[in-house]
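Here is the structure we will look at, set down as structure tokens.
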Amino acid sequence: MTRATYRFRQYGVTPDELAEPAFQAVCVSGDETDCGADSGDQEDEETLTRWMAEHTRDSGHDRFRVAPWSYVMVKAGAWQ
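Numbering follows the UniProt record's numbering, with no gaps: position 66 of the sequence shown is 66.
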């Protein structure tokens with residue numbers, strides 16, 4: 001019989017100060033399937049809101065999945 005040894009490690013997560021946040025929306029309106037129109041990464045919420053308003057104006061769609069994206073750094077700590 002083989003024995004296994006497990007070691008655990010702490011990890012720290014901190015915001016990446018060099019990276020700019022991004023904002024994204026995907027249109028989830030539609031009868032049978034979601035529209036799927038994607039704003040791509042936008043630099044701020046105002047630009048994202050403008051994209052959603054224009055998509056609603058042009059398509060009549062009014063339901064979106066919205067995500068704010070940020071970047072983090074992970075640093076491995078000591079083995080325990």
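Glycine included, every Cβ here is placed at the ideal spot set by N, Cα and C. Being a predicted model, the structure only gives us computed values, none of them experimental.
Residue i - DSSP class collapsed to helix/strand/coil
{"i": "methionine 73", "result": "strand"}
{"i": "arginine 57", "result": "helix"}
{"i": "residue 101", "result": "It is not possible to answer for residue 101, since the shown part of the chain is limited to 1 through 80."}
Sequence-distant residues of its chain with Cβ nearer than 6 Å to residue i (five each side left out)
{"i": "glutamine 10", "result": "Gly77"}
The alpha helix (DSSP H) enclosing residue i, as first and last residue numbers
{"i": "arginine 3", "result": "Careful: arginine 3 lies outside any alpha helix (DSSP H) and carries neither H nor E."}
CA nearest to the CA of residue i, picked from the options
{"i": "glutamine 80", "options": "Ala4, Phe8 and Val13", "result": "Phe8"}
{"i": "aspartate 58", "options": "Ala67, Ala37 and Val72", "result": "Ala37"}
{"i": "valine 26", "options": "Val74, Val72 and Asp62", "result": "Asp62"}
Proximal residues to residue i (C-beta, below 8 Å), its chain only, five neighbours per side dropped
{"i": "alanine 47", "result": "Reading off the sequence shown, one finds threonine at residue 47, where the question assumed alanine. Contacts found: Phe23."}
The beta strand (DSSP E) enclosing residue i, as first and last residue numbers
{"i": "phenylalanine 23", "result": "22-27"}
For residue j and residue i, believed in contact at Cβ under 8 Å, the rounded distance
{"i": "valine 72", "j": "proline 15", "result": "6 Å"}
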